[in-house]
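Protein chains in written order, with the working numbering: chain A, 1 to 286; chain B, 287 to 731. Here a beta-carbon is modelled for each residue, glycine too, at the ideal position from N, C-alpha and C. Computed from a predicted model, the values in this text were never measured in an experiment. Accompanying notes for the structure given below.
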Amino acid sequence: MKPVATFSEWRIEARRLLESGAPPESVFWEDGTTGQCELFNETTSPALPEISEAEGGSIFKVPKAFFDLAEVISCHRDARRWGLLYRILWRIARGGERHLLARSSDDDILMARSFSKEIGRDLHKMRAFVRFRKVGVCESSGREQFVAWFEPMHRIIRLNAPFFRKRFTGMDWSILTPDDSVHWDGQKLRFTDGVPKSSAPDADSLEELWKSYYRSIFNPARLKLKAMQAEMPVKYWKNLPEAELIHGLTRDASRREHEMIERRPLKPRSRPKNAYLDQILRESGE
Amino acid sequence: MDRQRKLEILADAAKYDASCASSGSKRRDSIGGKGIGSAGGAGICHSYAPDGRCISLLKILLTNVCLYDCHYCINRRSSDVRRARFSVEEAVALTLDFYKRNYIEGLFLSSGIVRSADYTMEQVVAVARTLREEHDFRGYIHLKTIPEASQELIEEAGKYADRISINVELPEQKSLDQLAPEKNLKRTQEAMGGIRERIVEGRAERRDRSQRNRPARRTPKIYANGQSTQMIIGADCSDDDTILRRADTLYSGYDLRRVYYSAFSPIPASSSVLPVKAPPLVREHRLYQADWLLRFYGFGVGELTPRQGEMAGKLELELDPKLAWALRHRDQFPVDLNRASREQLLRVPGLGVRTVDRLLGIRRFGRVRLDDLAKLRTSVKKCLPFIITADHHPARLGLDSDRLRQRFLPPPQQLEFDFSEATPVRTAAAQEVRHAAASALTGQV
Numbered sequence: 001m002k003p004v005a006t007f008s009e010w011r012i013e014a015r016r017l018l019e020s021g022a023p024p025e026s027v028f029w030e031d032g033t034t035g036q037c038e039l040f041n042e043t044t045s046p047a048l049p050e051i052s053e054a055e056g057g058s059i060f061k062v063p064k065a066f067f068d069l070a071e072v073i074s075c076h077r078d079a080r081r082w083g084l085l086y087r088i089l090w091r092i093a094r095g096g097e098r099h100l101l102a103r104s105s106d107d108d109i110l111m112a113r114s115f116s117k118e119i120g121r122d123l124h125k126m127r128a129f130v131r132f133r134k135v136g137v138c139e140s141s142g143r144e145q146f147v148a149w150f151e152p153m154h155r156i157i158r159l160n161a162p163f164f165r166k167r168f169t170g171m172d173w174s175i176l177t178p179d180d181s182v183h184w185d186g187q188k189l190r191f192t193d194g195v196p197k198s199s200a201p202d203a204d205s206l207e208e209l210w211k212s213y214y215r216s217i218f219n220p221a222r223l224k225l226k227a228m229q230a231e232m233p234v235k236y237w238k239n240l241p242e243a244e245l246i247h248g249l250t251r252d253a254s255r256r257e258h259e260m261i262e263r264r265p266l267k268p269r270s271r272p273k274n275a276y277l278d279q280i281l282r283e284s285g286e
Numbered sequence: 287m288d289r290q291r292k293l294e295i296l297a298d299a300a301k302y303d304a305s306c307a308s309s310g311s312k313r314r315d316s317i318g319g320k321g322i323g324s325a326g327g328a329g330i331c332h333s334y335a336p337d338g339r340c341i342s343l344l345k346i347l348l349t350n351v352c353l354y355d356c357h358y359c360i361n362r363r364s365s366d367v368r369r370a371r372f373s374v375e376e377a378v379a380l381t382l383d384f385y386k387r388n389y390i391e392g393l394f395l396s397s398g399i400v401r402s403a404d405y406t407m408e409q410v411v412a413v414a415r416t417l418r419e420e421h422d423f424r425g426y427i428h429l430k431t432i433p434e435a436s437q438e439l440i441e442e443a444g445k446y447a448d449r450i451s452i453n454v455e456l457p458e459q460k461s462l463d464q465l466a467p468e469k470n471l472k473r474t475q476e477a478m479g480g481i482r483e484r485i486v487e488g489r490a491e492r493r494d495r496s497q498r499n500r501p502a503r504r505t506p507k508i509y510a511n512g513q514s515t516q517m518i519i520g521a522d523c524s525d526d527d528t529i530l531r532r533a534d535t536l537y538s539g540y541d542l543r544r545v546y547y548s549a550f551s552p553i554p555a556s557s558s559v560l561p562v563k564a565p566p567l568v569r570e571h572r573l574y575q576a577d578w579l580l581r582f583y584g585f586g587v588g589e590l591t592p593r594q595g596e597m598a599g600k601l602e603l604e605l606d607p608k609l610a611w612a613l614r615h616r617d618q619f620p621v622d623l624n625r626a627s628r629e630q631l632l633r634v635p636g637l638g639v640r641t642v643d644r645l646l647g648i649r650r651f652g653r654v655r656l657d658d659l660a661k662l663r664t665s666v667k668k669c670l671p672f673i674i675t676a677d678h679h680p681a682r683l684g685l686d687s688d689r690l691r692q693r694f695l696p697p698p699q700q701l702e703f704d705f706s707e708a709t710p711v712r713t714a715a716a717q718e719v720r721h722a723a724a725s726a727l728t729g730q731v
């Protein structure tokens, strides 16, 4: 069997194997991922699969939820995903376990759920931590142009591109990653190969302002570094302009808190002359 | 004063507001528009400050000049902080500049009160109006409303903002009289009632469209979709029961999405009227947990704290409120995980909503065993004395034993409270997983 790289390839193979009655333990899946994650191309929708209406009279009933899950999991970098998906498919279609997906403590389901959770987290973190840098304004359209560099854990660019298209419709942008890149020009999304980090711009004049904001919104009286790192793991810091401030802010926090506590409290100042204040205090008194 | 200096002052002035939510809006995006922005679905935290709080919105004051003298507030008129003011155009440009770089989900705008409530509110609303109407901005907007402002202005705020909030600050009028003399609880609740009507109106409009099979507008007529509020913890002597009762009133009577609890913490220009000592941060965390129990676990407000004794009206700091409740109500346990109703399961210490629903799923196909719980990453150690499974009956563990409580208390040297108030449930769950990992399952079973 040739290596499988994409969801649609896996699907074709899986269907063939299922029909020929090949049990999961007899199949060896080789991961052929080369850097492209071909998702959501025309062949995958509509989602309800050919498998449920297999030719030759054999009908395998597989819930749509399985294929939704499988589509997501196929973005994972773990080479075991193809075998795992086939094993679950087999158990549902031929093993008499139609409701397997509901068995939350089954080992295969646990693994599948953990893969899908990792993808979900990766999608979410990409939406959070991509940082666009302005590179100019398009002369012909007058649209502002932005470029971001990002390093996702899994091959999620195609899965995530629609989100950025819907959010940043009114500007031109590219997101570059080591595996592949995506571009938006107001008309359609375009996918190209991955590039090295040096291809991305290394600064934006707004970043000083953003760092000022980060510095000011931090409350030194409530330092909770671990809580912060749980949500913003160190591995992302290298592409976040504000991350270089963390060390200094942390170091000075207790001194700043101490200074606040040491300062002599201020006495209340008497009420200024103001018609509005007079009015609301009168109303409250009534 | 340049833009950077103003931003420093006006962000510093805004950071004591705990709310950072950017979720819960009707899904919308910028397709077909002339600008940018999307909202709906899960909120996104674009960064985290070293205080563990998420940075989701550009949280600023339009000005930190204020007529009021609320003693817990850094911007009160008696404070000696530097004052600054953004123009409407400056606040709009900053929001768009940050949004285009994917730093934020949108804007959380508040303001000190200058001249009058209406004058201030007009400025705040103008920022939102400009973003929506001139720039076709479809990201998230949260406006802090002044309860004394006219109903028309509050309604206009609701037209442009996804979230509107008024902070009640303190749970009872007598506390306000002492610490925030210009604030009035009755007036605040009346304004919340007005906001609620606006939100209901917006929902009806959206429902009406969907009933007539018309697609939802990409730019709604009324954005308002929820309101929230904040209470300061530990600046007055209100106990947890008083705070939770106020929260409960607001959730049920005013349809609030969230009540935020913000432990009073030292500020650079503190008032002589306030207590010097800040409350333990863990109290804030326990209130969030109790708040969750009210909203998602079917607990009533009177159940969460003891009625009498030295702990009357108070949440325990050492134990989470559900566990503390279970220890006070041992007669209701053990609960058989294979037979109990969803409502009963939700009251078992260590079982979250998600776990309960998964257990119900597992039950359809077989008997729940301890192994299932471990695989669902439940804190087996925590629930063990309270449950019956196919392979476990807690008789020998002594639900009646005096030592049961001792088992759950953390050893004193490990008392480390490291919680993020923004995501209390998840942090608590992580904590529980660690406990479970530390406990040797065998030997207890």
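| Check | Outcome |
| --- | --- |
| Contact criterion: CB-CB distance below 8 Å. Does A/Gly170 meet it with respect to chain B? | yes |
| Buried or exposed for B/Asp315, please, with buried defined as at least 16 other CB atoms from any protein chain shown within 10 angstroms of its CB. | buried |
| Quick check for students: name the residue ranges of the alpha helix (DSSP H) that lie wholly in the stretch 438-521 of chain B, counting only runs of 4 or more. | 459-465, 471-497 |
| Can you find a C-beta in chain A that's less than 8 Å from the C-beta of B/Pro696? | no |
| Does the CB of B/Leu605 have a neighbour CB from chain A at under 8 Å? | no |
| Helix or strand or just coil, what does DSSP make of A/Thr6? | coil |
| If A/Ile92 and A/Val62 are in contact, beta carbons under 8 Å, what's the gap, nearest whole angstrom? | 6 Å |
| Determine whether the beta carbon atoms of B/Pro620 and B/Arg532 lie at a separation below 8 Å. | no |
| Can you tell me whether B/Thr381 is helix, strand or coil according to DSSP? | helix |
| Which one of B/Lys667, B/Tyr389, B/Gly584 has the shortest CA to CA distance from B/Leu632? | B/Gly584 |
| Express the C-alpha separation of B/Asn361 and A/Lys197 in angstroms, rounding to a whole number. | 44 Å |
| Using the Cβ count rule (16 or more neighbours within 10 Å means buried), how would you classify B/Ile648? | buried |
| Could one say the Cβ of B/Arg650 lies closer than 8 Å to chain A's Cβ atoms, at least one of them? | yes |
| Would you be able to state if there are at least three C-beta pairs under 8 Å between the stretch 518-533 of chain B and the stretch 192-207 of chain A? | no |
| Return no unless some Cβ of chain B is closer than 8 Å to the Cβ of A/Glu208. | yes |
| By alpha-carbon positions, which one of B/Asp303, B/Gly321, B/Ser333, B/Gly327 ends up nearest to A/Glu242? | B/Ser333 |
| Which bits of chain B does A/Leu280 rub up against, with CB to CB less than 7 Å? | Note on residue identity: the sequence assigns Ile, not Leu, to residue 280 of chain A. Neighbours of A/Ile280 on chain B, chain order: Glu434, Glu468. |
| Are B/Cys356 and B/Ala435 closer than 8 Å when you measure CB to CB? | no |
| Got a sec? Which residues, its chain only, sit under 8 Å from A/Pro162 by beta carbon, not counting five neighbours each side? | Leu189 |
| On the three-pair Cβ rule with 8 Å, is the stretch 506-515 of chain B touching the stretch 569-579 of chain B? | no |
| Report the residues of the stretch 95-122 of chain A with a CB closer than 7 Å to any CB of chain B, ordered along the chain. | His99, Ala102, Arg103, Ser104, Ser105, Leu110 |
| I want to see whether chain B comes within less than 8 Å of A/Glu231, judged by CB atoms only; does it? | yes |
| In chain order, what residues of the same chain have a beta carbon less than 7 Å from the beta carbon of B/Ala555, not counting five sequence neighbours either side? | Ile360, Ser365, Asp366, Val367 |
| Does DSSP put A/Gly136 in a helix, a strand or coil? | strand |
| Quick one: Cα of B/Thr591 to Cα of B/Pro635, how far? | 16 Å |
| Is it a yes or a no for the stretch 110-129 of chain A touching the stretch 138-158 of chain A, going by three-plus beta-carbon pairs under 8 Å? | yes |
| Along the stretch 519-550 of chain B, what residues have a CB closer than 7 Å to any CB found in chain A? | none |
| CB-CB under 7 Å to B/Ala708, same chain, minus the five flanking residues each way: which ones, in chain order? | Reliability of the predicted coordinates at B/Ala708 is poor, the pLDDT of 38 falling under 50, and the value obtained from them is presented with this limitation in mind. Around B/Ala708: Cys306, Arg339, Cys340. |
| Using a Cβ-Cβ cut-off of 7 Å (strictly less than) and excluding sequence neighbours within five positions of B/Pro566, which residues of its own chain qualify? | Leu603 |
| Can you tell which of A/Cys138, A/Glu144, A/Leu18, A/Lys226 has its C-alpha closest to the C-alpha of A/Arg87? | A/Leu18 |
| Just to confirm before moving on: does the CB-CB distance between B/Lys430 and B/Ser396 stay below 8 Å? | yes |
| Among residues of its own chain, excluding the 5 on either side of A/Thr77, which ones have a beta-carbon nearer than 6 Å to its beta-carbon? | Per the sequence shown, residue 77 of chain A should be read as Arg rather than Thr. Here the set comprises His154. |
| Answer yes or no: the CB of A/Asp252 versus the heavy atoms of the ligand HEM, is any distance below 7 Å? | Inclusion of the ligand HEM in the displayed structure is not the case, the ligand content being empty and no account of it being possible. |
| Quick one: is A/Leu176 buried, meaning 16 or more other Cβ sit within 10 Å of its Cβ, or exposed? | buried |
| So, helix, strand or coil for B/Arg544, using DSSP? | strand |
| In chain A, which residues lie less than 8 Å from B/Arg363 when you measure between Cβ atoms? | Arg269, Pro272 |
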